[in-house]
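**Student:** Chains as they are written, first to last, in UniProt numbering: chain A, 1 to 305; chain B, 1 to 216.
For every residue, glycine included, the Cβ atom is placed at its ideal position computed from N, Cα and C.
Starting off with a structure, shown below.
See below:
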């Protein structure tokens, strides 16, 4: 589209673009320079701000934080897929009451802020869940691995993420199944398959392929949202970084945020690229076009996070 | 239930803060996002690169981290004083602007190619083309995705609870800690408040969409 908005530039146009480009670069460089100046002035570049990042203890703490983040992300994505499959098929059910229940559950968890959900689960059930994990020995195992003892918080985080992302995935499943040509469903009915069989054997397998890019993008959202563990004092990546930076002699919040941010951007950017690759491959191979984010967003509240 | 009624003023003032934060951040994000979107379709390659890197950086960073950077980090630069609310609003605006930009860009892409070609053929420049022909049509197409961006914004304001701004989620947190026996009522009440806001936004968006709809 962008190349339809303007004519291919001639010699004068190219010269003008060079001028604009240079001015733009100068402004951006001036802005970044100002930030660097401010950083320098307040001593953000002093070696003591950056020394911790070569300290093995700090690196170990951060690595454990990242591991905690990944554990929370992987578990919540897997559980959310199960939740999404169940409630997505409930929303597609031919039995009205089942459909209503599915709709209420999905709409509720998508409309309530994830923070609220996690807080509620944490305040109400974290104690019981912590006790459960203590009794089956998970706490000790994880503590020995250096991952902390707050399994109640971890479980609250995973549960909250599962309910929210599962609801979004349920919507993705519904949109995916609805994007399968109606002829498929009609053909399945005409050879005598029941609705459940039709969904399981005919529609879902075809829908999965169009859903894949949306599922991967939702995993990026889930991974980003594990940082909400911060709220329940679960030591994931951001929290462990913040705890290190809170050291009164250090207070290197800015270097810490820059480094953590870089790690997040690298992970999430490669996941997004993977989603884009899946989406492109999809467009080449079949006539079903993959679900685009805006289309999903139009379905209801909270498609982005 | 009584806990809810007794503490209604606190809860309502919490939702007031939630709405104020959302409104300020929403307006800032809309302005910044529009500028970024025009950068992303600009004829000047440098501007396109700037727009793309902004979106890639801020869409992939957790909001919590931005709050840490703004609320704990900025005071280290010598910006002192009671700026908690402003810092939170700035972090939210910068984060949300990336999503507004992407929504707008998808809207610009959804405008019929013929419109841009016609505008070019009558000699409009890029700026005129964008501001007179494309954007007015694009804004209509992006009302539903923009509405979900704003809904996400409202829900995301709940994160500032952890940084001590007394908005709705903070009020719920402290109410539950004071009255652990009525946790279900408090949660249901607070959740209902958010649900009302969310449905109000999506309802307003649907109304606006129908009002601005043009037969093509």
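Can you pull the chain A neighbours of residue 173/B, defined as C-beta to C-beta under 7 Å?
**Tutor:** Position 173 of the second chain, counted from the start, is the residue given in the question as residue 173/B. Chain A residues near residue 173/B: 119.
**Student:** In three-state DSSP terms, what is residue 11/B?
**Tutor:** Translated into the one-based positions of the second chain, residue 11/B becomes position 11. Helix at residue 11/B.
**Student:** What's the C-alpha gap between residue 203/B and residue 102/A?
**Tutor:** Against the second chain, residue 203/B aligns to sequence position 203. Against the first chain, residue 102/A aligns to sequence position 102. Going from the Cα of residue 203/B to the Cα of residue 102/A covers about 21 Å.
**Student:** Could you work out which residue in 240/A, 253/A and 123/A is closest to residue 60/A when comparing CA atoms only?
**Tutor:** Counting from 1 along the first chain, the entry for residue 60/A is found at position 60. Cα-wise, what sits closest to residue 60/A is 240/A.
**Student:** Got a sec: which bits of the region 204-233 of chain A sit with their beta carbon under 7 Å from any beta carbon on chain B, in order along the chain?
**Tutor:** Correct list: 224, 227, 228, 230 and 231.
**Student:** Excluding the five sequence neighbours on either side, which residues of its own chain have a C-beta within less than 6 Å of the C-beta of residue 150/A, listed in chain order?
**Tutor:** Against the first chain, residue 150/A aligns to sequence position 150. 234, listed in sequence order.
**Student:** Checking 8 Å against the spacing of the C-beta atoms, do residue 173/A and residue 84/A come in under that value?
**Tutor:** Counting from 1 along the first chain, the entry for residue 173/A is found at position 173. Counting from 1 along the first chain, the entry for residue 84/A is found at position 84. In contact: residue 173/A and residue 84/A (Cβ atoms closer than 8 Å).
**Student:** Between the region 70-95 of chain B and chain D, which residues of the former have CB atoms less than 8 Å from a CB of the latter, in chain order?
**Tutor:** Although the question refers to chain D, the structure presented lacks it and instead comprises the protein chains A and B.
**Student:** Determine the chain B residues that contact residue 42/A at a beta-carbon separation under 7 Å, and present them in chain order.
**Tutor:** On the first chain, residue 42/A is found 42 positions in, with the first residue counted as 1. Result: 76, 77 and 78.
**Student:** Fully enclosed by the region 40-81 of chain B, which alpha helix (DSSP H) runs are 4 residues long or longer?
**Tutor:** Whole alpha helix (DSSP H) segments, 4+ residues: 45-59 and 63-67.
**Student:** Who are the neighbours of residue 113/A on chain B, taking C-beta pairs under 7 Å?
**Tutor:** Here residue 113/A refers to the residue found at position 113 of the first chain. Those within 7 Å of residue 113/A in chain B are 155, 158, 169 and 194.
**Student:** If you measure beta-carbon to beta-carbon, which residues of the region 164-185 of chain A are closer than 7 Å to chain B?
**Tutor:** Correct list: empty, as no residue qualifies.
**Student:** Considering just the uninterrupted stretch of the alpha helix (DSSP H) at residue 201/A, what are its terminal residues?
**Tutor:** As a first step, residue 201/A must be located in the first chain, where it is residue number 201. Residue 201/A -> no alpha helix (DSSP H), and no H or E assigned at all.
**Student:** Closer than 7 Å between beta carbons: that is the criterion. Which residues of the region 118-138 of chain A meet it against chain B?
**Tutor:** Against chain B - using a Cβ distance shorter than 7 Å - the residues of the region 118-138 of chain A are 119, 120, 123 and 124.
**Student:** Could you tell me which of 97/B, 135/B and 199/B sits nearest to residue 113/B, measuring between CA atoms?
**Tutor:** Reading the second chain from its first residue, position 113 is the one you call residue 113/B. Ranking the options by Cα distance to residue 113/B, first place goes to 135/B.
**Student:** Name the chain A residues whose beta carbon is nearer than 8 Å to that of residue 50/B?
**Tutor:** By 1-based counting over the second chain, the position of residue 50/B is 50. Here the neighbours are 24 and 28.
**Student:** If we ignore side chains and look at the alpha-carbon of each, how far apart do residue 128/B and residue 108/B end up?
**Tutor:** What you label residue 128/B is simply residue 128 of the second chain in a count that begins at 1. What you label residue 108/B is simply residue 108 of the second chain in a count that begins at 1. So the two alpha carbons sit approximately 14 Å from each other.
**Student:** Only counting the same chain, and skipping five residues up and downstream in sequence, which positions put a Cβ closer than 8 Å to that of residue 91/B?
**Tutor:** Taking the first residue of the second chain as 1, we reach residue 91/B at position 91. For residue 91/B, where only same-chain residues beyond five positions count, the Cβ hits under 8 Å are 63, 66, 67, 69, 70 and 71.
**Student:** Are there 16 or more other CB atoms within 10 angstroms of the CB of residue 184/B, so buried, or fewer, so exposed?
**Tutor:** Position 184 of the second chain, counted from the first residue, corresponds to residue 184/B. Exposed: under 16 other Cβ atoms inside 10 Å.
**Student:** Among the candidates 123/A, 154/A and 124/A, whose CA atom is the shortest distance from the CA of residue 138/A?
**Tutor:** Taking the first residue of the first chain as position 1, residue 138/A is located at position 138. Considering only alpha carbons, the answer is 154/A.
**Student:** Applying the 10 Å Cβ sphere with the 16-neighbour rule, what's the burial state of residue 201/A?
**Tutor:** Here the question's residue 201/A lines up with position 201 in the first chain. Flag for residue 201/A reads exposed.
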